[in-house]
Ligand SMILES: Nc1ncnc2c1ncn2[C@@H]1O[C@H](COP(=O)(O)OP(=O)(O)O)[C@@H](O)[C@H]1O
Ligand SMILES: [Mg+2]
């Protein structure tokens, strides 16, 4: 099997990147794959979502990045940071300290390749390496994307405007220019795709244009426009419904694959895991 490295990305927070990364990791592990999650977001939500308090591990991804930049410190290897979590997903944890490593990187001419360099050396240990990236356009997002073979973009209704994909495409082409690397977008995940209209700020703005239709007609129409656009641009598009179980699972540190595999959102995450596993 081909070992793959996948980054989960979107430049906005709260779209479901971390959730998708962890839930997909759960299904991959359940099907017998060896999975490593690398948390590269200082908010450390992937770390928390796997049941690890960021203060608990003695070292985290901050130590990797900062040691790569300082000639006075012994390099800390990525491999030395790996911990096994209760769901048998391996994790390289993050910590708020990571914020402090960003400015150190500016001096480093190879700053975009720091993660990629050692991720490559972990490929013989895992079937899948999943990288959770932060919701801002900085060094850690760029490092995550360049270390990955492919990127999954996670959208939520709130993150969309009708030009939502154009925005992200522009950002990605800027990144491609900086990195001099073509970004392989594997799929678009349309997360929380079944929110009631009243809770969707974007949908409610757009729906004013369709005044003669019922609210649910409007929602369906807008969703179809966006889905069609994604299908044209990205090819593979998977929808994930809203589910209360998602938040509970994140808080418990236990993926739905193990606690509620029949939940409709879990089924969607399983489909994403299968698509990633097929290469
Ligand atoms: N499909 C879903 N159903 C219900 N809640 C969700 C769903 N996806 C994400 N959430 C919740 O939305 C919040 C933001 O998700 P998260 O994955 O942390 O976003 P990001 O990593 O993009 O910032 C979290 O509280 C998470 O539990
Ligand atoms: Mg996140």
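Residue numbers (UniProt numbering): 1 to 279.
Note that the Cβ used here is the ideal one computed from N, Cα and C, for glycine as well.
As the structure is a prediction and not an experimental result, all values here were calculated from the model.
CA-CA distance, residue 166 to residue 228, rounds to 14 Å. Look at the segment 46-101 and you find these whole runs of beta strand (DSSP E), each 3 residues long or longer: 90-92.
Rounded to whole angstroms, the separation of the alpha carbons of residue 43 and residue 63 is 16 Å. In this structure residue 269 touches residue 256 by the C-beta definition: roughly 7 Å separates them, less than 8 Å. Between residue 83 and residue 93, the CB-CB gap stays under 9 Å. Scanning its chain for C-beta atoms nearer than 6 Å, with the 5 sequence neighbours on each side dropped, one finds around residue 150 the residues 6, 184 and 186, in chain order. The closest heavy atom of ligand 2 lies 8 Å or more from the beta carbon of residue 253. Relative to ligand 2, residue 45 has its C-beta within less than 8 Å of a heavy atom. Nearest Cα to residue 182 within the set 190, 193 and 169: 169.
Taking a cut-off of 8 Å for Cβ pairs, the segment 99-116 and the segment 63-74 touch, as three or more such pairs fall below it.
Note that the C-beta distance between residue 141 and residue 38 is not below 9 Å. With a cutoff of 9 Å on beta-carbon distance, residue 273 and residue 26 are scored as near each other. When distances are taken from the beta-carbon of residue 7 to the heavy atoms of ligand 1, even the shortest one reaches 8 Å or more.
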